[in-house]
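J.: Sending over a structure as structure tokens; questions will come in a sec.
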Amino acid sequence: MAWNEPPDNKGQDPWGNRGRGEGPPDLDDIVRKMQEGFGGLFGGKPSKQKKERKGFPFSWMIVVIVLVLLLLVDITYLIDQQERGVVLRFGRYDQTLQPGLNFVMPSLIDRVVTVNVGQVRSITHKASMLTQDENIVDVEVAVQWRIVDPADFIFNVKDPALTLRQVTESAVRAIIGQSELDYVLTEGRSEIAQQQQELMQKILIDDYKSGILIVTVEMQPAKPPEDVKAAFDDAIKAREDEQRLVNEAEAYRNDILPRARGAAARVREEANGYKASVIAKSEGDAARFNQLLAEYERAPEITRKRLYLESIESVMSGTNKVLLDAEGGNSLMYLPLDKLIQPRGTSSLSLSREGSSDGSGSTSGSDIAERAANRARGVR
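The sequence shown lines up with residues 3 to 382 when you count with my numbering.
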């Protein structure tokens, strides 16, 4: 018996209800009404065949497909190259998503927070600080930073910007407080900035574990307070003048020392050359003396006369005098004095004599005069 057929046993239905016209709900009617309702949702009316068809309705398939698509969209995350995704599962850290396509649990379970780790951010800090020698100086510092650990950046620091600003001020005051004013105002700026960066990095990473990396710290030129700025400018100018004079002295020293060393080396070389020449001349004189000694021992008289003549020749070679040795002769000689006083190397001197000799083998006065003239010219 079908559920929608009237009872045939004295008005009783399957549940034993009698004659009151009440019965259980019709399931086919319920399914049909649901189909009609979903059909209306999609803007159409169900056909008679669809109303009569039994089983899983087509509209439910569409609903399931839509739900699956929504679920896929909900669990899929595309992370950019410069970003990282921090997954919070029921509010607690679970993992960090890398760039690319990632899948997580639905949003009711997982929540993804994207953090840009490639962007370089910057802050600027200005303040008046006290140096080690108890002077006040105005300092301006520019800090560039970026995120290296997204999980630490989100969970370990409540307000990263405020924390970074406070750490910057603390580090700058610590380093400036350990430096003297002259050092801060002049050559110590780059070194102070490096020390500040190292101290800030130690506090943010080692102590706070904030996930922040300090990229650079640039310190602008420090300035004294306006009330004493003129005095500090004078002190800086004097220091610059001192440095300029030191540089000029260094340049002069670098110029004069090589030249002095070169002159000293030249004098040493000349002295060594003179020493060598004197030694060689002395050795030559000694060898010549030994040779003369040997000749003197063989013929003393001839050697003495030879030495005498050479000495006279050496002494009288620079004069214009002529010495003649004409013993026992009264012949008149003609001496061309203009030829005798000519410089050495000229043509030979010709001597003429009026009269004749006695024909003997003895040396005449003309021979003596010719020999004297030859010695005067350096001819032996």
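Ideal Cβ placement from N, Cα and C applies to all residues, glycine included.
All of these numbers come straight from a predicted model, not from anything done at the bench.
Would you kindly report the start and end of the unbroken beta strand (DSSP E) that includes Thr126?
T.: 123-132 is the extent of the beta strand (DSSP E) around Thr126.
J.: Report, in whole angstroms, the separation of the C-beta atoms of Arg167 and Ile125, which I expect to be a contact under 8 Å.
T.: Confirmed, Cβ separation roughly 6 Å.
J.: Nearest-angstrom Cα distance between Leu206 and Asp161?
T.: Going from the Cα of Leu206 to the Cα of Asp161 covers about 13 Å.
J.: According to DSSP, is Gly93 helix, strand or coil?
T.: Three-state DSSP puts Gly93 in coil, outside helix and strand.
J.: Measure the beta-carbon distance from Thr98 to Pro152 and round it to whole angstroms, keeping in mind my assumption that it falls under 8 Å.
T.: At roughly 6 Å, the Cβ-Cβ gap stays under 8 Å, so Thr98 and Pro152 are in contact.
J.: Kindly list the residues whose CB is nearer than 6 Å to the CB of Val219, restricted to its own chain and excluding five residues on each side of it in sequence; keep chain order.
T.: Cβ neighbours of Val219 beyond the five flanking positions: Val145, Ala195, Gln198, Gln199.
J.: Here's the rule: buried if 16 or more other CB atoms are within 10 angstroms of the residue's CB, otherwise exposed. What is Trp62?
T.: Looking at its Cβ environment, which holds fewer than 16 other Cβ atoms inside 10 Å, Trp62 is exposed.
J.: Express the C-alpha separation of Ser181 and Asp386 in angstroms, rounding to a whole number.
T.: The first residue shown for the chain is 3 and the last is 382, placing residue 386 beyond what the model contains.
J.: Closest to Val141 by CA distance: which of Arg148, Thr133, Gln121 is it?
T.: Closest option to Val141, Cα to Cα, is Thr133.
J.: From which residue to which residue does the alpha helix (DSSP H) around Thr116 run?
T.: Looking at the DSSP string, Thr116 is not in any alpha helix (DSSP H); the run it does join, the beta strand (DSSP E), is 112-118.
J.: Pick from Ile81, Val117, Asp112: whose alpha carbon is nearest that of Asp104?
T.: First, the residue type needs correcting, since residue 104 is Asn and not Asp in the sequence shown. Closest option to Asn104, Cα to Cα, is Ile81.
J.: Can you give me the Cβ contacts of Arg113 inside the same chain, cut-off strictly under 7 Å, excluding the 5 residues immediately before and after it?
T.: Same-chain partners within the cutoff: Leu90.
J.: Under the rule that 16 or more other beta-carbon atoms within 10 Å means buried, what is Gly120, buried or exposed?
T.: Gly120 should be labelled exposed.
J.: In chain order, what are the residue ranges of uninterrupted alpha helix (DSSP H) at least 4 long that sit wholly in the segment 55-84?
T.: As far as the segment 55-84 is concerned, its whole alpha helix (DSSP H) runs of at least 4 residues are 60-77.
J.: Assuming Phe221 is part of the alpha helix (DSSP H), what are its boundary residues?
T.: The identity of residue 221 in the sequence shown is Met, whereas the question assumes Phe. Element bounds for Met221: not the alpha helix (DSSP H) but the beta strand (DSSP E), 214-221.
J.: Identify whether Gln180 lies in helix, strand or coil by the three-state DSSP scheme.
T.: DSSP places Gln180 in coil when its eight states are reduced to three.
J.: Look up Asn104 in the DSSP assignment and say whether it is helix, strand or coil.
T.: Asn104 falls in the strand class under three-state DSSP.
J.: Should Phe155 be labelled buried (16 or more other beta-carbon atoms within 10 Å of its own) or exposed?
T.: Buried, because 16 or more other Cβ atoms sit within 10 Å of the Cβ of Phe155.
J.: Start and end of the beta strand (DSSP E) containing Ile304?
T.: Not the beta strand (DSSP E): Ile304 falls in the alpha helix (DSSP H), residues 302-318.
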